Amino acid sequence: MALKKISLRFTVGTMFILATVLTAVVAVSLQYYFSKKMATENTLSKLTMVSHYLSDYIGAIDSDAANTARLLATVKRSISNKISKEESRSILSEAIKDNPLFYSIYIGSSDENFFQIINLESAPVVREKIGAQQTDRWVVVEIQNIGQERVRTTKYFDQEFSLRSSTTEQSNYFPTTRPWYVAANVLSVEKTQPYLFQHLQITGQTYSLAFESKIESEIQHVIGIDIVLSSLANKLSGTALGLAEDSKVESFLYSKSGNIIASNLKVNNQESEFDVSKLMLSSEQKALVNDTPPLLVSNQNDWGPMDFSVAGRPDGYAIDLLKMIGGMTGIRFEFVNGFSWGELVNKFQEGTIDGLQSVQNYKNNGISGLYTTPIYDLPFAIVTREDAKIITNYAELEDKKVAILSGRSIIPKLREDFPNIDLVEFENLESAFDSIESGENFAFLDAEPVLSFALDRFFQPGLVVNGALEDLKQNYSNQFHLVLQSKHKQLLPIIDKAIGRLSDEQLDTLAKKWLHDTGFNTNTTVPYIELYDLTKEATVEGSMVRVELNGEIKHLYLKKIDTGEHYSEYFAVLIPESEVFSTVNKRLATSVGVTVLLMSLTLPIAWTFGAPIVHPIRQLEEETHKVKLRDYDNVTILDTRIKEVWELSVAVKDMAMEIKRHEQMQEAFVESFIKLIAQAIDDKSAYTAGHCNRVPELGLMLADAAEQSQSEHFKDFEFKNDDERREFRIAAWLHDCGKITTPEHIVDKGTKLEANYNRIHEVRTRFEVLWRDAEITALRKQLEGTLSTQLIADELAATKQQLQDDFAFIAISNVGGEFMSDDKVARIRSIAETTWMRNFDDQLGLSPIEALNRESSSSLPATELLLSDKPEHIVKRDRPLEFDPKHQIKMDVPEHLYNLGEVYNLSIARGTLTAEDRFKINEHMLGTIKMLENLPFPKELSRVPRYASTHHETLKGTGYPRKLTGDDLSIPERILVISDIFEALTAADRPYKKAKPISVAVDIMYKMALDEHLDIELFRLFLTSGTHLRYAEEYLKPEQIDFVDINKYLEVTRQIA
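In short: position in the sequence shown from 1, add 715, done, that's this note's numbering.
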């Protein structure tokens, strides 16, 4: 397929634009690359600073809290006299002023007394949760036993500790049951895991230190300092990280196990709201509910999705269920967390909490109290390794070790029913899973939803949950209850009534939220396993890592933050790649836009830049056009400053000269070859010697005369250029090229009986035979003696004379010089009837082809005719002769190729040629047409085949090979007709005829002109221009050049014209 062509100006302009675009692309790409690198490094720098700041911040909190706790403990220990509450308030408030991040400082003692001062400016959520006014600055909480009641007093102070308000209410708060008190010791300051602050119901962490007072040595005191996690979460916001607030950045502060301490994720801290209806309670029940202080109920740390905490905030199916019951009954529930299940059970047994929820009612389960109606049902299942066999019944675990959470109600019954299964108790889910993964235990038993939830939370891909255990499902209870202290016996019917009134729709809502909606995010642990796994890779820490999370490319920054000798936290930030490079992409878009704008402005310049090259190239194109027109001599060298274009111009000039030289050589070669063919044709036959050489000369003479003529007939005729003149000359040279295929014996046929040789000799031999026969016959008669000798002699003389006369007639007829009249033809036929005796076999000595055409010989001696037309004289055609329609041939084709019949040939009326011979001679025109039409003549020689093949046509349409008329013949064709005839009439080198003088030739041509065999106007020009004389003087013998009275021809032809 041909390539589409484009202009040089377009190419130069395009190359300029492409070079500019390429430069711009490279520049923008480099800018983009380094901008991305700078953006990454800038983000890394920001996050590194934030991590250092966060580490310093947490470290400062830890250090300040620990130092403050030690200082206060030292102060308390060193005071010998009991100080007042005002003094304690003053000491604690001064400590908070020095550390404004402290939410509160308090002192709890083993006698259950509790004194706390709260900093309302530690976090916005504190003032909101505690219900303080804007003028309030401090809140003091004091809890103590007054008689049989436990009383909580809350006082609101301003900046100067002026009391604004004070409230008193019952309390179920006991400091000795709180995680901070339990963990405290006198040797070091302890930091708790996140848990729920009971008074405000917000999450935080506590730093605690135990000490003994000099004046109360029998009582243990613990100083506690609280911080709320919201203050840490604020440090993880987009603004704090130096990023846009509305960015999709995720930041986490979490433990090594993956538990979230703080994050910037939006957590729904609002209480779950459910569409519940108030129960119809009696007045006594209403009064009971109103007089009952909030029930302190257990909240496990990690038994999701049923009962768990998120950074100390209670959550889960059971929590929402109790809130629904509270909404229906008016009973207030507060939750205690931060303890293991075993510790919560102990606290319930000790009476320090009012309720223990999610308990199964098995005999000897160690938990005594008031069991409510079941609050939900959960089937039991086990977790095993992926490569372990599938377990469908608990009994299949015989002789295996099975992990279970410590303190579960089902443990005593399982040990009793399945003594060969070794139950191993663990304090938390994570350690139980680790034991399965390590192979220490075969399975882990718990509620099926809990196991599934925990597997996702703790990222344990190598573990799987087996389906519900059929034997436990059939023989063990799947029901879980809320257990209350006995003192709340009157509340039990109200709670049971509320549980019974829960509608299917309400229960479905809870199930969809916690048991079926796998997309629900509890935010208890980091949401990506990569954050958990990367804590084990030291090489990643402190760097930016490109990771793919949930099909999205993000950049992860991870940094370990040491907060204690045995406790580490991790700071992680996940930034979408689009956020990291948002500024870069905006700059890139701006750069691309500016570049495109500038590029559009440079388009006219690019077009102009092509002019210095395009203009000389255009000039060079004009020079090449001269080459195309073969105007080689006028090709010039361009005057240009562009070296390559100048060199190309010189090359074009050199090429033009070389083409001219080559063309001249080719023309000389072609013409020499043409002349060679013409010479070969002339040399082939002595009868046409020189014909092909002289016709072109005569034709050019007459053509020159026609060009110079002012006659009306020739005013429009001229050769426009040398190419047309050369075209005519070559056609004249090749006008008889077809004769190269014409047999010589036809061209050279000088007698009627000639066929490769003159057969008159055969005929003469036959007459010799008849002569001898006549003598023999006379001698025989003399021997017989029946006739007189004189009579015999007279008869012999008469016979011989007749033979002499007949042969002479045959010989004269064979020459063809006279017209054969009918009586002459009759005499030939009469002579032919003479017979002679053949005594030899005429089948002997024949060639294969002759043998094919011979009929079988008769018996010898055979009687033969003197002259005969035998079958073997007929030469048939090998194949039918057909003409290509495009050549427009109109010639009558004889039936046979040749007819060598002796009578047939001697009977030719004029000349020596039969119809077959004449056609064979005329057939040279067909050869000319075929040869020339198949030659690839250039455009300037395209009419050579036409000119060369029309010199035997006549103006009246009787010529050959196409039977053209005067309307079909151009002047060059008519010129060749006259040239061919005049040369043939005056040629002196043809042995079969004498050369005619020019007067005779002109007279013959005159008659032919009158008969419309040739153009009469050209004939007149031939005479008036003196062309006949110029040709005669150059090519004819002097004796042929006689006087020609052209006037007599001109006068007659003028009248005809």
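For each residue, glycine too, the CB sits at the ideal point set by N, CA and C.
The structure presented is a predicted model; accordingly, all values stated were derived computationally and were not measured.
For residue 1030, there is no enclosing alpha helix (DSSP H); the enclosing beta strand (DSSP E) has its first and last residue at 1028-1030. Residue 1635: member of the alpha helix (DSSP H) spanning 1630-1637, first to last residue.
In this structure, the alpha-carbon of residue 939 lies about 6 Å from that of residue 822. 1452 is the residue among 892, 1452 and 1245 whose C-alpha sits nearest the C-alpha of residue 1644. Around residue 1413, the same chain offers 1694, 1697, 1698 and 1746 as residues with beta carbons nearer than 7 Å, after the five sequence neighbours per side are excluded.
Taken through DSSP and simplified to helix, strand or coil, residue 725 comes out as helix.
Straight across, the Cα-Cα distance linking residue 1246 with residue 1015 is about 25 Å. Counting only runs of at least 3 residues, the region 1483-1525 fully encloses no beta strand (DSSP E) element at all. Each of 1353, 1208 and 1192 was checked against the Cα of residue 995, and the nearest Cα belongs to 1208. Rounded to the nearest angstrom, the Cβ distance from residue 1360 to residue 1319 is 23 Å, too far for a contact under 8 Å. Rounded to whole angstroms, the gap between the alpha carbons of residue 1497 and residue 1509 is 12 Å. Scanning 1735, 1625, 1076 and 1241 for the CA closest to the CA of residue 1532 turns up 1625. Within the DSSP secondary-structure output, residue 1018 pairs in a beta bridge with 1022. By the C-beta density criterion, residue 1364 is buried, having at least 16 other C-beta atoms within 10 angstroms. In this structure, residue 1581 lies away from residue 1541, with their beta-carbon atoms at least 9 Å apart.
Its chain contains 1353 as the residues whose beta carbon lies nearer than 7 Å to that of residue 1334, once the 5 sequence neighbours on both sides are disregarded; these appear in chain order.
The region 1047-1061 makes no contact with the region 1094-1101, as fewer than three CB pairs between them are under 8 Å. Secondary structure in the region 1701-1747: the alpha helix (DSSP H) runs of 4 residues or longer, each lying completely within the stretch, are 1713-1725 and 1731-1739 in chain order. For the pair residue 1545 and residue 1554, the Cα-to-Cα distance works out to about 24 Å.
Of the residues 884, 1741 and 1764, the one whose Cα lies closest to the Cα of residue 1724 is 1764. Counting along the chain, no alpha helix (DSSP H) covers residue 838, and no H or E run does either. Residue burial is scored here from C-beta neighbours: residue 894 has at least 16 other C-beta atoms within 10 angstroms and is therefore classed as buried. Two segments are said to touch when three or more pairs of C-beta atoms, one from each, lie closer than 8 Å; by this definition the region 1441-1449 touches the region 1646-1660. Apart from sequence neighbours up to five positions away, the residues of its chain that approach residue 1108 with a beta-carbon distance below 7 Å are 1184, 1185 and 1186, ordered along the chain.
DSSP places residue 1573 outside any alpha helix (DSSP H), giving it a letter other than H or E.
By the Cβ criterion, the region 1076-1092 is in contact with the region 1195-1209, since at least three pairs of Cβ atoms, one from each stretch, lie closer than 8 Å. Taking one beta carbon from each stretch, the region 1620-1634 and the region 1415-1426 have fewer than 3 pairs nearer than 8 Å; the two do not touch.
According to the DSSP assignment, residue 1120 belongs to the beta strand (DSSP E) that extends over 1116-1120. When the five nearest sequence neighbours on each side are left out, the beta carbons in the same chain lying within less than 6 Å of the beta carbon of residue 937 are those of 823, 896, 899, 923 and 925, in order along the chain. Counted as a single uninterrupted DSSP element, the beta strand (DSSP E) harbouring residue 976 occupies residues 975-978. Sequence-distant Cβ neighbours of residue 1689 in its own chain, meaning closer than 6 Å and more than five residues away, are 1730 and 1733.
For residue 1092, the pairing in a beta bridge is given by DSSP as 1194. Under the three-state reduction of DSSP, residue 1161 is assigned to strand. With the rule of 3 Cβ pairs closer than 8 Å, the region 1108-1123 does not count as touching the region 1215-1230. Contact annotation: the region 1060-1067 does not touch the region 1166-1183, with fewer than three C-beta pairs closer than 8 Å.
Residue 860 is bridged by DSSP to 865.
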